[in-house]
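As given, the protein sequences belong to chains A and B, one line each in that order.
Under numbering that gives the first Met the number 0, think of the first position of the first sequence as 0, with each following residue one higher.
Under numbering that gives the first Met the number 0, think of the first position of the second sequence as 0, with each following residue one higher.
From the three backbone atoms N, C-alpha and C, an ideal C-beta is built for every residue, glycine too.
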Amino acid sequence: MIPEIGHYALVLALAVALVQASLPLIGASRNDASLMEVARSGALAQFGFVALAFACLTQAYIVGDFSVRNVAENSNSAIPFLYKVSGVWGNHEGSMLLWVLILALFGAAVAAFGRNLPPPLRARVLAVQAMTGVAFLAFIVFTSNPFERLNPAPLDGRDLNPLLQDPGLAFHPPFLYLGYVGLSTTFSFAVAALIEGRVDPAWARWVRPWTLGAWATLTLGIALGSWWAYYELGWGGWWFWDPVENASFMPWLVATALLHSAIVAEKRDALKSWTILLAILAFALSLIGTFLVRSGVLTSVHAFAVDPARGSFILVILVLAIGGSLALYAWRAPSLRPGGIFAPVSREGAMVLNNLLLATAAATVFLGTLYPLFLDAVSGAKVSVGPPFFNATFVPLMVPLVVAMVFGPLLAWKRGNLKAATARLWVALAASVIAIVGVLVVYGVSSVLAAFGMALAVWCAGGSLVELAERIRLFRVPPADSLQRLAGLPRSAWGMTIAHFGLGVFIAGAVASSAWQVEKVQIVQPGDKVELAGYTFLFKGAVEERGPNYIARRGTFEVTKDGKPVATLHPAKRFFPVQRTTTTEAAIHTLWIADLYAVIGDPQESQQVGGPALPTDPNAGWAARLYYNPLIPWIWIGTIIMALGGAVSLTDRRHRVGAPVPAQARAAASPAE
Amino acid sequence: MTRKRRRLYILGLFLLGLGTATALTLYGLKDNVAFFRSPTEVIKAAGLPKGDFRLGGLVEIGSIERPPADARSLEVRFRITDIESTVPVVYAGILPDLFREGQGVIANGRLLPDGTFRAREILAKHDENYMPPEVAEALKKSGRWNETMGKGK
């Protein structure tokens with residue numbers, strides 16, 4: 000009965016979304032307040048119905064209602080509670096339901112918190128939001144119904160894909176979707192602005208919190224996914240330029256560009272049509288990501304099911320949404336009044352450079368990701384584009400970006416002074432040079448690229464601190480004054496400093512872990528010692544261990560340094576009998592400036608691969624892979640700091656106070672200069 | 000600074016960025032694209048295919064040979080087949096979790112002069128019911144595809 004209620008709620012949500020997508024638009028064009036008001040109640044009702052459907056599915060998972068096909072195929076009675084819940088979105092249908100839930104959540108949030116928006120804009124934003132809702136609700140109802148029943152019902156379920164039975168991955172989809180789908184709000188604002196034909200600083204200010212929120216959660220979502228890949232796949236790496244990773248990274252790059260260009264639109268009333276374009280592109284890339292991942296054209300853990308009908312349905316949504324919004328853009332954007340002008344060397348100029356580099360980077364990632372699909376369609380040749388391509392194209396674009404981003408905040412609006420900015424940055428510059436020299440002295444001349452990479456990290460983190468010191472006029476006014484200035488800094492300024500600093504931390508982690516990773520793959524027998532980067536790994540053998548729904552072979556390494564114990568590592572292989580699948584559980588001990596990482600493979604004696612059997616000979620050798628990963632935790636620390644910067648900026652006062660049209664905007668209305 | 004000049008600057012920067020990106024991309028694609036080949040394509044190719052490529056097919060049943068227990072070596076030998084043709088593969092390292100006889104895999108590496116494929120990397124899929132599309136296609140081409148293959152269980 001409960002699944003039927005869920006199904007019914009879903010259909011009702013679709014009906015509500017249809018109304019919400021149409022009437023408010025008519026209302027806004029006729030300036031009819033009651034029709035426009037439909038948007039708000041519609042958004043809240045739509046969210047209510049989708050939430051009800053989601054709750055029904057969750058209930059079916061928690062109690063283990065295996066008469067629901069979706070539950071039977073992706074859950075099991077023996078599975079731990081957390082994975083019963085995360086199983087809801089650990090499959091195609093459920094993850095699409097989560098997608099729509101978050102879409103409706105953002106719509107409801109605009110309805111609830113958007114009281115200061117002018118009613119026509121709010122009505123149009125919610126109508127556009129509902130159009131996306133209609134498309135995806137129809138997709139679920141017609142091609143991916145999560146509430147389909149089985150008759151007769153099986154006694155038990157077929158279990159969740161063991162790779163997904165992991166805390167990191169349990170929370171990865173909700174965060175990623177909050178970011179991915181959060182960009183839908185920005186998109187709706189952009190399309191609504193195009194319909195109105197008006198973009199002003201007030202608009203940019205309204206959009207900003209939505210972009211910031213989406214950006215911060217997307218950052219966390221990507222970080223969670225990469226963390227999962229790091230410890231669950233057991234390859235010691237954290238980013239593989241896998242098409243699915245790229246699918247989430249492209250919207251991030253464009254959202255980052257948007258975050259910066261929206262500042263220019265807000266403060267200087269410039270770059271408006273470009274900002275609108277970025278808002279459209281960011282969500283378009285989210286949709287393309289959804290298509291790539293959900294249609295099964297890509298080989299990955301995310302390709303839950305391959306069904307041509309679904310692929311073509313999403314493709315149609317994609318073409319309508321992207322084609323429609325870009326056509327609207329081409330038609331309406333020329334009517335947007337260009338805003339304030341600026342010199343190339345100015346804060347606006349720096350933002351333009353930032354945008355160009357980020358957009359270009361997104362384009363190269365896009366090309367590399369889609370090239371195999373394109374080539375297959377054109378010539379039938381099967382190719383794959385791997386990490387070397389992305390390292391050769393993406394990294395060179397990021398270097399000038401990071402070099403320039405330190406200058407940006409030190410330049411004045413309209414016309415900046417590069418010389419003065421450089422003079423202020425001498426501390427950061429000196430620190431970077433010290434970093435280069437230090438790395439070359441310690442690691443030798445062969446590490447020249449890594450040395451420049453570390454210098455870049457120091458430059459980025461140091462530069463953001465210098466900027467903060469400049470703002471509070473440290474050492475130039477009495478310390479008490481500096482403190483007072485520090486306390487008085489707007490949250491958005493703090494947010495920027497924190498996020499830029501976090502990027503520096505991230506770069507240090509990324510450079511060090513790829514330059515100085517030490518790896519050893521070998522056979523170990525109980526009692527063997529392996530030396531790795533000054534640490535001694537003593538293998539103590541392996542035992543069998545039983546979990547709730549798996550049997551594991553669990554090895555033990557005792558790690559010492561100079562005879563002193565450092566850690567005990569327990570890498571394991573888990574065998575899941577229901578799905579007859581094995582997963583690798585890497586053991587990681589973090590020293591915060593490095594990770595000790597161990598993976599255990601098959602015992603040497605067994606000819607059979609997989610399965611839970613222990614070797615009969617207790618002294619049998621085991622394949623083992625050991626890593627010393629310097630600074631790798633900084634990658635995630637850095638991304639968390641970046642997301643934190645976004646969150647701090649989100650709490651800025653000006654996002655909460657009503658945003659009347661600022662005086663600046665009125666001034667800009669008269670032709671400048 | 001007039002509006003026209005600013006536009007010119009932005010246009011110039013944009014073209015510069017576009018040019019750089021195109022150059023980088025073309026350079027990157029030239030060297031870093033790995034082609035996929037089926038065992039039949041490898042065997043029938045005139046001369047040995049040069050450079051790295053991806054070899055995909057099924058792991059032939061009964062073909063996995065591990066080194067003797069006292070050798071302390073990680074070198075595994077097996078054969079990849081599309082039923083019509085077979086290519087021997089050698090790989091030193093830890094095999095992925097889902098590597099099993101009779102299942103679809105993709106090996107990344109190059110062909111040695113003796114016709115053995117030395118794999119640098121072995122990719123098995125994340126889900127046992129899933130067949131890499133390239134492998135499915137190779138099997139279809141060799142006429143040995145059967146409908147149960149992609150479904151498992």
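Rounded C-beta distance between residue i and residue j? I'm assuming under 8 Å.
{"i": "A/Ala623", "j": "A/Gln483", "result": "With 8 Å as the limit, A/Ala623 and A/Gln483 do not qualify as a contact, their Cβ atoms being about 57 Å apart."}
{"i": "A/Glu231", "j": "A/Trp238", "result": "Wrong, their Cβ atoms sit about 14 Å apart, outside the cutoff."}
{"i": "A/Ala203", "j": "A/Gly181", "result": "At roughly 17 Å, the Cβ-Cβ gap does not stay under 8 Å, so A/Ala203 and A/Gly181 are not in contact."}
{"i": "A/Lys509", "j": "B/Gly27", "result": "In the sequence under discussion, the amino acid at residue 509 of chain A is Ala, which differs from the Lys named in the question. Wrong, their Cβ atoms sit about 19 Å apart, outside the cutoff."}
{"i": "A/Val198", "j": "A/Thr185", "result": "Not confirmed; about 13 Å, so no contact."}
{"i": "B/Gly56", "j": "B/Ile79", "result": "4 Å"}
Any Cβ of chain B within less than 8 Å of the Cβ of residue i?
{"i": "A/Leu356", "result": "yes"}
{"i": "A/Gln603", "result": "yes"}
{"i": "A/Gln516", "result": "no"}
{"i": "A/Gly167", "result": "no"}
{"i": "A/Ala666", "result": "With a pLDDT of only 46 at A/Ala666, under the threshold of 50, the placement of this residue in the model should not be trusted; the figure read from the coordinates follows. Chain B contact via Cβ: absent."}
{"i": "A/Ile522", "result": "yes"}
{"i": "A/Leu43", "result": "no"}
{"i": "A/Phe239", "result": "no"}
{"i": "A/Leu159", "result": "no"}
{"i": "A/Ala391", "result": "yes"}
{"i": "A/Gly546", "result": "no"}
{"i": "A/Leu13", "result": "no"}
{"i": "A/Ala254", "result": "no"}
{"i": "A/Val398", "result": "no"}
{"i": "A/Tyr230", "result": "no"}
{"i": "A/Phe406", "result": "no"}
{"i": "A/Val18", "result": "no"}
What do you reckon, are the CB atoms on residue i and residue j nearer than 8 Å?
{"i": "A/Val292", "j": "A/Ala332", "result": "no"}
{"i": "B/Asp106", "j": "B/Phe98", "result": "Residue identity check: residue 106 of chain B is Ala in the sequence provided, not Asp. No, they are not a contact pair."}
{"i": "A/Val10", "j": "A/Leu22", "result": "no"}
{"i": "A/Ala571", "j": "A/Arg545", "result": "no"}
{"i": "A/Pro250", "j": "A/Ser285", "result": "yes"}
{"i": "A/Lys83", "j": "A/Ser94", "result": "no"}
{"i": "A/Leu162", "j": "A/Thr581", "result": "no"}
{"i": "A/Ala126", "j": "A/Phe188", "result": "no"}
{"i": "A/Gly644", "j": "A/Ala486", "result": "no"}
{"i": "A/Leu455", "j": "A/Gly637", "result": "no"}
{"i": "A/Val70", "j": "A/Gly5", "result": "no"}
{"i": "A/Gly407", "j": "A/Asn353", "result": "yes"}
So is residue i in contact with chain A if we call contact Cβ pairs under 8 Å?
{"i": "B/Asp96", "result": "yes"}
{"i": "B/Val104", "result": "no"}
{"i": "B/Leu73", "result": "yes"}
{"i": "B/Phe35", "result": "yes"}
{"i": "B/Val32", "result": "yes"}
{"i": "B/Arg65", "result": "yes"}
{"i": "B/Arg117", "result": "no"}
{"i": "B/Arg53", "result": "yes"}
{"i": "B/Ala135", "result": "no"}
{"i": "B/Arg78", "result": "no"}
{"i": "B/Arg164", "result": "Outside the displayed range of chain B (0 to 152) lies residue 164 of chain B, so it cannot be described from this structure."}
{"i": "B/Ala44", "result": "no"}
{"i": "B/Ile60", "result": "no"}
{"i": "B/Ile93", "result": "yes"}
| query | Which residue spans inside the segment 19–64 of chain B form an unbroken beta strand (DSSP E) run of at least 3? | reply | 32–36 and 52–58
| query | Quick one, which residues of the segment 93–109 of chain A are near chain B if we go by CB-CB under 9 Å, in chain order? | reply | none
| Taking the runs of the alpha helix (DSSP H) that are 4 residues or longer, which of them lie wholly in the segment 40–128 of chain A? | 68–73, 80–85 and 91–112
| Closer than 8 Å, Cβ to any Cβ of chain A: which residues of the segment 7–27 of chain B, in chain order? | Residues of the segment 7–27 of chain B with a C-beta less than 8 Å from any C-beta of chain A: Tyr8, Ile9, Leu12, Phe13, Gly16, Leu17, Thr19, Ala20, Leu23, Thr24, Tyr26 and Gly27, listed in chain order.
| task | May I have a chain-ordered list of the alpha helix (DSSP H) segments no shorter than 4 residues that lie completely inside the segment 233–314 of chain A? | result | 242–267 and 271–293
| said: Give me the subset of the segment 621–645 of chain A whose CB atoms are less than 9 Å from a CB atom of chain B, sorted by chain position. | reply: Ala622, Ala623 and Arg624
| task | May I have a chain-ordered list of the beta strand (DSSP E) segments no shorter than 3 residues that lie completely inside the segment 607–636 of chain A? | result | 621–629
| task | Could you name the residues of the segment 332–350 of chain A whose beta carbon sits closer than 9 Å to any beta carbon of chain B, in the order they occur along the chain? | result | Pro337, Ile340, Phe341, Ala342, Pro343 and Gly348
| query | Can you list, in chain order, the residues of the segment 579–591 of chain A whose Cβ is nearer than 9 Å to any Cβ on chain B? | reply | Arg579, Thr580, Thr581, Thr582 and Thr583
| message | List, from N- to C-terminal side, the alpha helix (DSSP H) runs of 4 residues or more that fit wholly inside the segment 416–465 of chain A. | response | 417–423 and 425–442
| task | Any chance you could list the alpha helix (DSSP H) runs of at least 4 consecutive residues sitting entirely within the segment 548–572 of chain A, in chain order? | result | none
| beta strand (DSSP E) runs contained entirely in the segment 320–403 of chain A, provided each spans 3 or more residues | 382–384
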